[in-house]
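J.: Have a look at the structure that comes next, please.
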Amino acid sequence: MRLNTAEILCVGTELLLGDIVNTDAAFISRRLAALGINQYSQSVVGDNPERLKSALSLAISRSDLVILTGGLGPTYDDLTKETAAELMNRKLFMHEESLERLRARIERAGHEMTENNKKQALIPEGSVVFRNDYGTAPGMAIEDLEKGKVVILLPGPPRECEPMFVEQAEPYLKKFSDHELVSKCLNIFGMGESKVESILHDMMTGWTNPTVAPYAKDGEVLLRVTAAGKNDAECAALCDKAIAEIMKTPVGEYVYGVGIGSLEAALVKVLTEKRLHVASAESCTGGLISQRVTAISGASAVLDGSIVTYANDIKERFCNVSRETLKAHGAVSYETAIEMARGVRKLMGADIGVSATGIAGPTGGTPEKPVGTVFVGVSSDWYEEVRELHVGGGHADRAYVRWVSASNALDMARIAAMKHE
Numbered sequence: 017m018r019l020n021t022a023e024i025l026c027v028g029t030e031l032l033l034g035d036i037v038n039t040d041a042a043f044i045s046r047r048l049a050a051l052g053i054n055q056y057s058q059s060v061v062g063d064n065p066e067r068l069k070s071a072l073s074l075a076i077s078r079s080d081l082v083i084l085t086g087g088l089g090p091t092y093d094d095l096t097k098e099t100a101a102e103l104m105n106r107k108l109f110m111h112e113e114s115l116e117r118l119r120a121r122i123e124r125a126g127h128e129m130t131e132n133n134k135k136q137a138l139i140p141e142g143s144v145v146f147r148n149d150y151g152t153a154p155g156m157a158i159e160d161l162e163k164g165k166v167v168i169l170l171p172g173p174p175r176e177c178e179p180m181f182v183e184q185a186e187p188y189l190k191k192f193s194d195h196e197l198v199s200k201c202l203n204i205f206g207m208g209e210s211k212v213e214s215i216l217h218d219m220m221t222g223w224t225n226p227t228v229a230p231y232a233k234d235g236e237v238l239l240r241v242t243a244a245g246k247n248d249a250e251c252a253a254l255c256d257k258a259i260a261e262i263m264k265t266p267v268g269e270y271v272y273g274v275g276i277g278s279l280e281a282a283l284v285k286v287l288t289e290k291r292l293h294v295a296s297a298e299s300c301t302g303g304l305i306s307q308r309v310t311a312i313s314g315a316s317a318v319l320d321g322s323i324v325t326y327a328n329d330i331k332e333r334f335c336n337v338s339r340e341t342l343k344a345h346g347a348v349s350y351e352t353a354i355e356m357a358r359g360v361r362k363l364m365g366a367d368i369g370v371s372a373t374g375i376a377g378p379t380g381g382t383p384e385k386p387v388g389t390v391f392v393g394v395s396s397d398w399y400e401e402v403r404e405l406h407v408g409g410g411h412a413d414r415a416y417v418r419w420v421s422a423s424n425a426l427d428m429a430r431i432a433a434m435k436h437e
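See the structure below:
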């Protein structure tokens, strides 16, 4: 039996109200894609038995695999298990192993087992049980092999849901697949999703194995290449061949890594390899450039320092930006950006200096320099560049302007490092 279609149903009124961000669905979606299981629907339903039953009944009717998260707790409104058992025509029984694990966990915490706690050890007959090493409620898979249906129940808290899926649900699901899948992700910066798609259109529409799909994320594009084969080695070889073809296109110029994860990770990697050091002078980004770099292990070996230079006199005193430049061109200008990059490089004794100066908004814009106008500079002995950005057409969110500006600074520092011989 193969599970060709999947659906995720997340249970909890707190999700509907936005009190808790639904990270479970995003996590499970990524894992299902890696398994080659097509997901066509996602739903969120509150802690209401009638609406839960209706939503789950619809999901079972149209999908081979339904994964539910949440509603496995000990309280009266935790009804996911009971509803799933009813729709799958299963009776609940007390699973002694789960009960003993639950009892031991509660006693270790210095509490007494209550009657409603025992509810968490009730399991639908014939289920595959997933132990919970990180909480109290076990997960489970309810199978109806005659109808080709599987319903998986997982706890809601991400610290319990994610490891249970990876360590137990995922190996369980692999038995329904007759092939292996491998995905490799190209990280692209500086070219938009629509442009990437237009260049790679024939590959995206014509290739069936591997497949190529773009995703926009935080001002970048992730290009996922997925191949199916008898084993991981065969899949990886198909992916590598496809990636080589992609790199021959104009898209290749904007690929900063394969599976590298982020611009900051790519920057730290190349700086480490070249034994180079970087420093940043930040105005509108407010320290975000250095914050992102220091999130990467090994950053202390390549980042000399950073200075936040909102005030013009700080730009003058520490980054050696001339008063004449500030008077003639303003703080938000090509000239100020390059002088900031040069100045911080000299101040810190770094090989590469990067800078960002602009108007993050929502106030401060003018007709000549609207919100989202940013100049990002990079300086080294062998390479200098300034990029003029116009983020969001004058209406961008402040956080987004700062993020895109920092991303450009990281990318420019990476390019400078790569040009070093």
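Counted from 1, the sequence shown has number 200 at position 184 by my numbering; the numbering is strictly sequential. For every residue, glycine included, the Cβ atom is placed at its ideal position computed from N, Cα and C.
1. Look up Pro-43 in the DSSP assignment and say whether it is helix, strand or coil.
2. Starting from the Cα of Asn-148, find the closest Cα among Glu-131, Leu-118, Glu-159 and give me that residue.
3. Quick one: using the 10 Å Cβ neighbour count with 16 as the cut-off for buried, is Glu-437 buried or exposed?
4. Do Ala-75 and Leu-48 count as a contact pair if the criterion is CB distance below 7 Å?
5. Measure from the alpha carbon of Thr-39 to the alpha carbon of each residue in Gly-172, Pro-230, Ala-315, then state which is nearest.
6. Which term fits Leu-161, buried or exposed, when burial requires 16 or more other beta carbons within 10 angstroms of its beta carbon?
7. Taking 7 Å as the cut-off, decide whether the C-beta atoms of Gly-87 and Val-27 are in contact.
8. Answer yes if the stretch 201-221 comes into contact with the stretch 262-277, meaning at least three C-beta pairs across the two stretches below 8 Å, and no otherwise.
9. In the DSSP assignment, find the unbroken beta strand (DSSP E) run with Cys-201 in it and report its ends.
10. Quick one: measure Cβ to Cβ for Thr-96 and Leu-169, integer angstroms, because I've assumed they're closer than 8 Å.
11. By the 10 Å Cβ neighbour count, where 16 or more other Cβ atoms means buried, how is Glu-236 classified, buried or exposed?
12. Excluding sequence positions up to five away, which residues of its chain have a Cβ less than 6 Å from the Cβ of Gly-388?
13. State the start and end residues of the unbroken alpha helix (DSSP H) segment that holds Ser-57.
14. Expressed to the nearest angstrom, what Euclidean distance is found between the alpha-carbon atoms of Gly-142 and Glu-186?
15. Looking at C-beta atoms only, is the number of pairs between the stretch 420-432 and the stretch 276-293 that lie closer than 8 Å three or more?
16. Quick check: Leu-84 and Phe-192, are their CB atoms within less than 7 Å of each other?
17. Rounded to whole angstroms, what is the Cα-Cα separation between Ala-366 and Gly-393?
T.: Taking the structure as given:
1. Stepping through the sequence shown from its first residue, residue 43 is reached at position 27. Looking at the sequence provided, one finds Phe at residue 43 rather than Pro. In the displayed model, Phe-43 falls within a helix according to three-state DSSP.
2. Numbered from its first residue, the sequence shown carries residue 148 at position 132. Minimum Cα distance to Asn-148 is reached at Leu-118.
3. As a working mapping, residue 437 is identified with position 421 in the sequence shown. Counting Cβ neighbours within 10 Å, Glu-437 comes out exposed, since fewer than 16 surround it.
4. Position 32 of the sequence shown, counted from the start, is the residue given in the question as residue 48. Position 59 of the sequence shown, counted from the start, is the residue given in the question as residue 75. Not in contact: Leu-48 and Ala-75 (Cβ atoms no closer than 7 Å).
5. Start at 1 with the first residue of the sequence shown, and residue 39 comes out as number 23. Minimum Cα-Cα distance from Thr-39 among the listed residues Gly-172, Pro-230, Ala-315 corresponds to Gly-172.
6. Here the question's residue 161 lines up with position 145 in the sequence shown. Leu-161 sits exposed, since fewer than 16 C-beta atoms from the chains shown fall within 10 Å of its C-beta.
7. As a first step, residue 87 must be located in the sequence shown, where it is residue number 71. As a first step, residue 27 must be located in the sequence shown, where it is residue number 11. The criterion of a C-beta distance shorter than 7 Å is satisfied by Gly-87 and Val-27.
8. Result yes; three or more Cβ-Cβ pairs closer than 8 Å.
9. As a position in the sequence shown, residue 201 is number 185, starting the count at 1. Counting along the chain, the beta strand (DSSP E) containing Cys-201 begins and ends at 196-204.
10. By 1-based counting over the sequence shown, the position of residue 96 is 80. By 1-based counting over the sequence shown, the position of residue 169 is 153. Confirmed, about 6 Å.
11. As a position in the sequence shown, residue 236 is number 220, starting the count at 1. It is buried - the Cβ of Glu-236 has at least 16 other Cβ atoms within 10 Å.
12. Numbered from 1 along the sequence shown, position 372 holds the residue referred to as residue 388. If we look at Gly-388 and ignore the five residues flanking it on each side, its Cβ neighbours are His-406, Val-407, Gly-408, Gly-410, Ala-412, Val-417.
13. As a working mapping, residue 57 is identified with position 41 in the sequence shown. Looking at the DSSP string, Ser-57 is not in any alpha helix (DSSP H); the run it does join, the beta strand (DSSP E), is 54-61.
14. Translated into the one-based positions of the sequence shown, residue 142 becomes position 126. Translated into the one-based positions of the sequence shown, residue 186 becomes position 170. Distance between the alpha carbons of Gly-142 and Glu-186: 19 Å.
15. In short, these stretches touch, since the Cβ pair count reaches three.
16. The count along the sequence shown starts at 1 and reaches residue 84 at position 68. The count along the sequence shown starts at 1 and reaches residue 192 at position 176. Contact flag unset, no.
17. Residue numbering aside, residue 366 sits at position 350 when the sequence shown is read from its first letter. Residue numbering aside, residue 393 sits at position 377 when the sequence shown is read from its first letter. Ala-366 and Gly-393 have their C-alpha atoms some 15 Å from each other.
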